[in-house]
Amino acid sequence: MGAFRYVTNRTLADKEGNADAGRIKAFVKNGSDMLEGEYKCPGCGNEGMINQFFKRPISVKCENCGFLMKLPKLKGKK
Numbered sequence: 235m236g237a238f239r240y241v242t243n244r245t246l247a248d249k250e251g252n253a254d255a256g257r258i259k260a261f262v263k264n265g266s267d268m269l270e271g272e273y274k275c276p277g278c279g280n281e282g283m284i285n286q287f288f289k290r291p292i293s294v295k296c297e298n299c300g301f302l303m304k305l306p307k308l309k310g311k312k
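Residues 235 to 312, numbered by this note's numbering, are exactly what the sequence shown covers, in order.
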C-alpha cells in the first residue's frame, strides 16, 4: 500500500437495504493514527469529510442526520 497503512473504498446500504445508497472512501497514512476521507450518507445523502482517530471497527456518524455508518472488517472476504 506504499504510503498508507489502511485504505478502504466501500458502498453502504441504507436502513431499507438499498446496497448503493451511500459510500465511504478513507485512509490512514503510515505513521499516523488519523482516519481521513469522505463519505456520502446512506440515510440523507449528505456528503461530508472524515477526520477522526483510527479505531476498528470503524464507525462514522453523519454530521447532518446522525446516521451511524459502520464498517466491519473484511479480513478473509476476498
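Note that CB positions come from ideal geometry on N, CA and C, so glycine has one too.
Coil, strand or helix - residue i by DSSP
i	result
G256	strand
Beta-carbon proximity check, residue i vs residue j, cutoff 8 Å
i	j	result
K309	L302	no
G271	F287	no
Y240	G256	no
Minimum C-alpha distance to residue i - residue among the options
i	options	result
P291	N280, K307, P276, E297	K307
N285	I258, A237, T245	I258
R244	L269, G265, E297, D254	D254
K304	A237, F238, T242	T242
A237	C299, K263, D248	K263
Beta-bridge partners of residue i, as assigned by DSSP
i	result
L305	I292
E250	Its beta-bridge partners do not exist; DSSP assigns none.
N285	E270
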